[in-house]
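Going by our numbering, the residue at position 101 of the sequence shown is 1520; the numbering climbs one at a time, nothing skipped.
Ideal placement from N, C-alpha and C gives every residue a C-beta, glycine not left out.
First up is the structure itself, then whatever we jot down about it.
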Amino acid sequence: MSALQKFTYGMFLLTAQEAGKDNGCVVNTVMQVSSQPARVAVCMFKKNLTHDMVLRTGLFNLCCFSTDAEFELFRRFGMQSGRKIDKFQDLTSLERGRNGLYLLTQGVNSSLCARVTDSVDLDDHTLFIAEVTESHIISQVPSCTFDDYQTHISSHKNIPSALRWVCRSVTSSKINSPFSRGTGTFRFPYLLSFRNYLRKQGVSESPYNPVMFEREARVIELLISEGFLD
Ligand SMILES: Cc1cc2nc3c(=O)[nH]c(=O)nc-3n(C[C@H](O)[C@H](O)[C@H](O)COP(=O)(O)O)c2cc1C
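Next up, the structure:
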C-alpha cells in the first residue's frame, strides 16, 4: 500500500526494563492522544523483545531523536534485537528516569516516561496507550522526522567508503544484486536466504523495511568475507 509510505512520522528511542535487563528499540509510530492527562500512543511489532517487555511491565520511556542523531544510534537500537545483545553496552550518554528506565541524553531533544493504561491487540502489532509521568527538554535541535532519517541519516555517507564503492559496483551490475532496492526481492543464490542472514546478524525481522542500503551493505560485507566478492 504505497499511499502509507507517504505518511510522516517522528523518530524515537523507546526504552524498557524487565528483571534488571534494559532494552530499547527505534519506533516511529508515536503520537500524543490526550492532553489532560497527557497520554501518548505507540504501536509496537509483536516480534520485538521491547514489545514483550512493555506488555509485561507496563512501563516505557520515549526519547525524541533530533536531526543531529548519529546513524549508529538507529543501527544499534533499530536493526538488532536485545535478545542477543546488550544494546546499551558502551553507551555513555544516558540517565535514568524516576521509573528506573533509561533516557538517552545525546542525539535527542526531549524525553518522557510513561505508564501503560490501555493496549489494543492489532494482530501483528500492539497499540499501547500510556500516561506521561515525567518529561524533559534536552536541546533545541529540531526533531528528526522519518523523512530526515531516510534522506540524511541513513544515507550512504554513514557507510565506510570502501564498502560504499563495492556496493555501488555490485548494485549496478546485472547479476549480483542481493535484492532490488525498494521491493526487497531476494535474488542472490549464495546465501540461504536474506532473512536467515539478518537473523544471524541479530537483526530482527521488521515490517518497516528500514534502511535497505544499510542491510545491503551488510550482506555485501558477508559476501566479501565469505569470498564471493573481491
Ligand atoms: C526507522 C525505523 C522505524 C521503526 N519503527 C518501529 C515502530 O514504530 N514499532 C516497532 O515495533 N518497531 C519499529 N522498528 C523496528 C525495531 O526498532 C527493530 O525491530 C528492533 O531491532 C527491535 O529490537 P528488540 O527486539 O530489541 O525490541 C523501527 C526500526 C527502524 C529502523
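{"query": "With H, G and I counted as helix, E and B as strand and the rest as coil, what does DSSP make of MET1472?", "result": "helix"}
{"query": "Assuming VAL1539 and GLY1497 are in contact, meaning their beta carbons sit under 8 Å apart, how far apart are those beta carbons, in whole angstroms?", "result": "Actually they do not touch by this definition, with Cβ atoms about 23 Å apart."}
{"query": "Could you tell me whether any non-hydrogen atom of ligand 1 is closer than 7 Å to the CB of VAL1459?", "result": "no"}
{"query": "Only counting the same chain, and skipping five residues up and downstream in sequence, which positions put a Cβ closer than 6 Å to that of ALA1438?", "result": "none"}
{"query": "Using the Cα positions of LEU1520 and VAL1452, report the straight-line distance between them to the nearest angstrom.", "result": "22 Å"}
{"query": "For MET1430, tell me which candidate among SER1454, ARG1458, CYS1462 has the shortest Cα-Cα distance.", "result": "CYS1462"}
{"query": "Taking buried to mean at least 16 other C-beta atoms within 10 Å of its own C-beta, is ALA1422 buried or exposed?", "result": "exposed"}
{"query": "Go to GLY1443, then tell me how far its beta strand (DSSP E) extends in each direction, as first and last residue.", "result": "1440-1446"}
{"query": "Taking the beta strand (DSSP E) that GLU1553 falls in, what are its first and last residues?", "result": "1544-1556"}
{"query": "According to DSSP, simplified to helix, strand and coil, what is THR1536?", "result": "strand"}
{"query": "On the three-pair Cβ rule with 8 Å, is the segment 1545-1553 touching the segment 1494-1514?", "result": "no"}
{"query": "Assuming ARG1494 is part of the alpha helix (DSSP H), what are its boundary residues?", "result": "1490-1497"}
{"query": "Which residue comes first and which comes last in the beta strand (DSSP E) that contains CYS1483?", "result": "1478-1484"}
{"query": "Measuring only from the beta carbon, is PHE1490 closer than 7 Å to any heavy atom that is part of ligand 1?", "result": "no"}
{"query": "Could you name the residues of the same chain whose beta carbon sits closer than 6 Å to that of LEU1531, not counting the 5 residues immediately before and after it, in chain order?", "result": "LEU1481, VAL1551, SER1554"}
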